[in-house]
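Asker: I have a structure I would like to understand better, so I am pasting it below and will then ask my questions one at a time.
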Ligand code: PLP
């Protein structure tokens, strides 16, 4: 049976290769330390779990509207108003199966064959594949390490053509931890609004910013920018709820209605119990976030300082999210590695640590290490990294 052209256009996640190899080794009893995780290592807070248990006990176990339960759409609209400064009506909100499905529905709702979607690189692996799946063409804009990997309008401009339909922004950023400053978001936002180019604003890591930096939602900047923006977010990273699968999108009603229509003919609705838990997450006090943030901050500093002590490795200090993105170009040369894939394999075999090569994010010569793991793991894992490298050189 020949598979569809659509599905043949996309590749499975390249990070899976390393992750499965790490799992294989672990299953064989090898003590592998994973730096590949894209999820917080904290447990989902108890009050959120309680809300889910209550939903089950109350029999809240049936289909919900495809757009999400009204209570949750309202909670999202309230959150976006009070925390992000964006005025959306609940009718402009759709509840999705994580941010990933919000992005997927958005692509399918707005992209036609041949449309171009601008994606800053390095990029989260899913963006280009979803664009291709929808029939569009990803156009990459390389951001620069020297500018902290934060996209600028000057970098964006040359990538814009009459076929540009959308620009994907992710701030705070996976995989680099970069954060686009408010002034730059203003410039990018006005530029897109003037040309009617859509902005998909992925804000999954909004709570995770450091050194006093405050996240800005691009749609909050002005009404004309809001009109071309779809704001995407999820409870996955913010509330340590990756497995619950609750995300959302908010934006122009016409686009949100199209995304709801896709829900109604695909998933029907997000799990009813998880939606009730999400209401609790969004409406109850979020005191625990401060503690999580300070743990991440401590790990971030330690990881970056320690990476910089490894020969051939240099790492800038990320401003957000929970990833470090060290430059290993010098190490590749010194250690005679063919590329960052080979280095990642070497580290897995020799140091028993799992890292993701920058090539997986369209940016060779770098590695991504998540610090969403315990301080003990970080200390031990980086010690092994350094020893393996020193042995090789
Ligand atoms: N967007 C970015 C930038 C991410 O890093 C991730 C997860 O790794 C997602 C979206 C997907 O999040 P969710 O688990 O809510 O689908």
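In this note's numbering, the protein residues as written are 618 to 1010.
For every residue, glycine included, the Cβ atom is placed at its ideal position computed from N, Cα and C.
1. Nearest by alpha-carbon distance to residue 914: which of 989, 656, 739 and 696 is it?
2. Measure the C-alpha to C-alpha separation of residue 986 and residue 772 and round it to an integer number of angstroms.
3. Quick one: does the C-beta of residue 932 sit closer than 8 angstroms to a heavy atom of the ligand PLP?
4. For residue 886 and residue 852, what's the separation of their Cα atoms in angstroms?
5. Considering only residues of the stretch 750-795, which uninterrupted alpha helix (DSSP H) runs meet the minimum length of 4 residues and lie entirely inside it, listed in chain order?
6. Under 8 angstroms from any heavy atom of the ligand PLP, does the C-beta of residue 718 make it?
7. Give every residue of the same chain whose Cβ lies closer than 7 angstroms to the Cβ of residue 1012, excluding the five residues on either side of it in the sequence, and list them in chain order.
8. Using DSSP bridges, identify the partner residues of residue 940.
9. Under the assumption that residue 604 contacts residue 789 (Cβ atoms under 8 angstroms), give the Cβ distance between them as a whole number of angstroms.
10. Does the contact criterion of 3 or more C-beta pairs under 8 angstroms hold for the stretch 830-839 versus the stretch 800-811?
11. Indicate the three-state DSSP secondary structure (helix, strand or coil) for residue 867 in the structure shown.
12. Quick one: residues in its chain with C-beta nearer than 8 angstroms to the C-beta of residue 881, no 5 flanking neighbours on either side, listed in chain order?
13. If distances are taken between C-alpha atoms only, which option among 661, 900 and 872 comes closest to residue 1020?
14. In whole angstroms, what separates the C-alpha of residue 756 from that of residue 925?
15. So what's residue 956 in DSSP terms, helix, strand or just coil?
16. Please list, in chain order, all residues of the same chain as residue 776 whose beta carbon is under 7 angstroms from its beta carbon, the five residues on each side excluded.
17. Is the Cβ-Cβ distance between residue 794 and residue 942 less than 9 angstroms?
18. Quick check on residue 733: does DSSP put it in helix, strand or coil?
19. Mapping the DSSP letters down to three states, classify residue 841 as helix, strand or coil.
20. Determine the direct distance from the alpha carbon of residue 747 to that of residue 784, and round the result to whole angstroms.
21. Got a sec, what are the start and stop residues for the beta strand (DSSP E) residue 850 sits in?
22. Would you check if the distance between the CB atom of residue 623 and the CB atom of residue 750 is smaller than 9 angstroms?
23. Can you find the residues in the same chain that come closer than 6 angstroms, C-beta to C-beta, to residue 968, ignoring five residues on each side of it along the sequence?
24. Closest to residue 998 by CA distance: which of 972, 983, 670 and 855 is it?
25. Tell me the DSSP secondary structure of residue 654 in three-state form.
26. Quick one: complete beta strand (DSSP E) runs, 3+ long, within the stretch 880-919?
27. Tell me whether residue 790, by its Cβ, gets closer than 8 angstroms to a heavy atom of the ligand PLP.
28. When DSSP labels each residue in this structure, what does residue 815 get in the three-state scheme?
29. If you run the structure through DSSP and keep just helix, strand and coil, what is residue 1030?
30. By Cβ distance below 6 angstroms, which residues in the same chain neighbour residue 753 in space, the five residues on each side in sequence not counted?
31. Reducing DSSP to helix, strand and coil, say where residue 684 ends up.
32. Since I believe residue 662 is in contact with residue 865 (beta carbons under 8 angstroms), could you give me their beta-carbon distance rounded to a whole number of angstroms?
33. Residue range of the alpha helix (DSSP H) that residue 797 falls in?
34. Compare the C-alpha of residue 920 against each of 929, 939, 954 and 769 and name the closest.
35. Within the same chain, show all residues whose beta-carbon is closer than 7 angstroms to that of residue 995, passing over the 5 residues directly before and after it, in chain order.
36. DSSP state of residue 923, grouped into three classes?
Answerer: For this structure:
1. Nearest option by C-alpha distance: 989.
2. Straight-line Cα distance between these residues: approximately 26 angstroms.
3. no
4. Cα-Cα distance, rounded: 16 angstroms.
5. 770-773
6. Yes; taking the cut-off as 8 angstroms, the Cβ of residue 718 has a heavy atom of the ligand PLP nearer than that.
7. As shown, the chain starts at 618 and ends at 1010. That puts residue 1012 outside it, with no answer to give.
8. 987
9. The requested residue 604 is not part of the displayed model; the chain covers only 618 to 1010.
10. Contact between the stretch 830-839 and the stretch 800-811 is present, because at least three Cβ pairs lie under 8 angstroms.
11. strand
12. The residues are 683.
13. Nothing about residue 1020 can be read from this structure; the chain reaches only from 618 to 1010.
14. 32 angstroms
15. coil
16. 735, 756 and 758
17. yes
18. strand
19. Residue 841: helix per DSSP, three-state reduction.
20. 13 angstroms
21. 846-851
22. yes
23. 1001, 1002 and 1005
24. From the listed residues 972, 983, 670 and 855, the smallest Cα separation to residue 998 is found for 972.
25. Looking at residue 654 - three-state DSSP - the assignment turns out to be coil, as it is neither helix nor strand.
26. none
27. yes
28. strand
29. Residue 1030 lies beyond the range of the chain shown here (618 to 1010); nothing can be said about it.
30. 728, 732 and 734
31. Correct three-state label for residue 684: coil.
32. Not a contact, Cβ separation roughly 19 angstroms.
33. Careful: residue 797 lies outside any alpha helix (DSSP H) and carries neither H nor E.
34. Closest by alpha carbon: 939.
35. 916, 919, 920 and 988, listed in sequence order.
36. helix
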